[in-house]
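Asks:
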Amino acid sequence: AKTLKPTARDKELDAIERNKVALEQRDELRTDAKAAQVERDFVAGQERQEFYRAAKEMSIEEQEQEKDAFERNRISLEQREELRDEADAARTEREASAIAERLEFFQAAKTLKPTARDKELDAIERNKVALEQRDELRTDAKAAQVERDFVAGQERQEFYR
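First residue of the sequence shown: 1, per full-length UniProt numbering; consecutive thereafter.
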C-alpha cells in the first residue's frame, strides 16, 4: 500500500469500504430474512393452535353425527360381508346340486338296460348327425347368399357403367 500512488491507494480503500458495506448489507438482509421466517413460523403456529382449538370446540352434536356415520359404515360393511357369505353359500349349494344331478344321471345311465341304453346312444348319434346336416345346409345357404350378392354387385357395376 506504501508503494501505491495516492489515487490508486484511495481507489483500493474505496473498494475495501464498498466490500465492507456490501457485507454489512448482506448480513442485514440475512437477518431480515431470518426474522421474516420466524414471523411466518409464529403465524403458522398460531393458525395451527386456532385450528386445534376449533376442533376441540366441535359441538357434541357434530361428534355424534360423525359417530353415527361411522357406525352406519361399519354396519354397511358387515351387511356386505353377510351378503357375500350368503352368495358364496348359494353358489356352493348350486355346485353341489349340479354335481349330485350329474352323479344321478351317470348312475341312471349305468342301470339302463342294454337296449334302452343303446336306444339312448342311437338318439344321441341321430341328433349329432342332424346337427351336422343343419350346419352343412347353413354353410351352403351362406355360400349361395354370397354368390347372389356377388352377382348383384356385378350387375350394379354393369348398370352404372
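Positions of the beta carbon are idealized from the N, C-alpha and C atoms, including for glycine.
Within this structure, are the beta carbons of Arg117 and Ala108 separated by less than 8 Å?
Replies: no
Asks: DSSP three-state call for Arg72: helix, strand or coil?
Replies: helix
Asks: Can you give me the C-alpha to C-alpha distance between Thr111 and Glu104, rounded to a whole angstrom?
Replies: 11 Å
Asks: Per DSSP, what kind of secondary structure is Glu101 in: helix, strand or coil?
Replies: helix
Asks: Between Gln145 and chain D, is the shortest Cβ-Cβ distance under 8 Å, so that the two count as touching?
Replies: Looking for chain D here will not work: only one protein chain is present.
Asks: Straight-line CA distance for Thr115 to Glu95?
Replies: 32 Å
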